[in-house]
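Student: Quick one: this structure, given as C-alpha cells, is what I'll be asking you about.
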Amino acid sequence: KQEVTQIPAALSVPEGENLVLNCSFTDSAIYNLQWFRQDPGKGLTSLLLIQSSQREQTSGRLNASLDKSSGRSTLYIAASQPGDSATYLCAVPKAAGNKLTFGGGTRVLVKP
Amino acid sequence: DAGITQSPRYKITETGRQVTLMCHQTWSHSYMFWYRQDLGHGLRLIYYSAAADITDKGEVPDGYVVSRSKTENFPLTLESATRSQTSVYFCASRGTGGGTEAFFGQGTRLTVV
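Below, the structure written as C-alpha cells:
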C-alpha cells in the first residue's frame, strides 16, 4: 500500500526566503507526482505535475524535482511572498486511472 | 464555464436524510473521483469511476452511493446521512496519459445535524 509523507507538517519563513517542501513515498512504481496548493476553505489547485520519466519540472518561481529510486520529491518556491501562504500537498497515482494517494500536507506561513 | 464544478457549495441536513452532491466536468475526462477531507485524516477516496457506467469503491465507501450515466457527471449520494459524514467533499477528474493533471472542484461543505 502506497504511503505518502510530508515533513514538516508546518513551516514559517520570512518573506523573501526560499521554501523547500518535501514529499516521500514508499512505492516507487508511480505514474506521476502532482503538487497542489490549498488555501483555507478552498479547493485544491494544481501547481505542477512531474511524469515518472522526468526528474524536474518548473513553473515560474516553482520547481519540483523527482527521485523515484529514493521515493522523494521536493518542491522549491523561490523568493517566497505572503501570498504563498497555504497548505501544499503532494499526491501520487500508481497507474493512469488509479486514485491519488495524498500526503498530509505542509502548512506554510510566509511572514511579511 | 469550463472546468469542474460542484453543487451545492454548502449543505446542512438532518440525520437520516438522503443527500446528493453533484459534480460536473466539461473536459470529457475519463476518470472522476470523490474524496472527503477531515482534520486528522487528510483526503480519503470514497469512490472513483474510470468511465460512464464504471465505478469502484475507494477507502471509505460505506454509506455512499455513486452513479455515472454520463461522462461529465458523477453524483455522490448519502443514502441516510449520519453525523460522521459531516465533512468537506471534493470531486476531481483526470484524463488519460502520464502528463495529465487531476483537477479538483471547489468542494462541498456538508454538515449533518
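Going down the list, the sequences are from chains A and B.
Each residue of the first sequence is one higher than the one before, starting from 51 at the first, in our numbering.
Each residue of the second sequence is one higher than the one before, starting from 133 at the first, in our numbering.
All residues carry an ideal CB built from backbone N, CA and C; glycine is no exception.
1. Would you report the Cα separation of Gln131 of chain A and Glu146 of chain B, rounded to the nearest angstrom?
2. State yes or no: is the beta carbon of Gly110 of chain A nearer than 7 Å to at least one beta carbon in chain B?
3. What are the uninterrupted segments assigned as beta strand (DSSP E) that are 3 or more residues long and contained completely in the stretch 171-222 of chain B, given in chain order?
4. For Phe75 of chain A, which residues in chain B fall below 9 Å Cβ to Cβ?
5. List, in order along the chain, the chain A residues whose C-beta lies closer than 8 Å to that of Ala184 of chain B?
6. Any Cβ of chain A within less than 7 Å of the Cβ of Tyr180 of chain B?
7. So, is the C-beta of Gln131 of chain A closer than 7 Å to a C-beta in chain B?
8. Quick one, which of B:Val151, B:Ser139, B:Gly190, B:Arg226 has its alpha-carbon nearest Gln246 of chain B's?
9. List, in chain order, every chain B residue whose beta-carbon is nearer than 9 Å to that of Leu150 of chain A.
10. On the DSSP letters alone, give me the boundaries of the beta strand (DSSP E) that Tyr142 of chain B sits inside.
Tutor: The relevant details are as follows:
1. 43 Å
2. no
3. 174-183, 186-189, 196-198, 208-210
4. Simply none; closest approach about 14 Å.
5. Neighbours of Ala184 of chain B on chain A: none; closest Cβ ~14 Å, over 8 Å.
6. yes
7. no
8. For chain B, the structure presents residues 133 to 245; residue 246 of chain B sits outside this window and is missing.
9. Phe165, Tyr167, Leu175, Leu177, Ala224, Arg226, Ala234
10. 142-145
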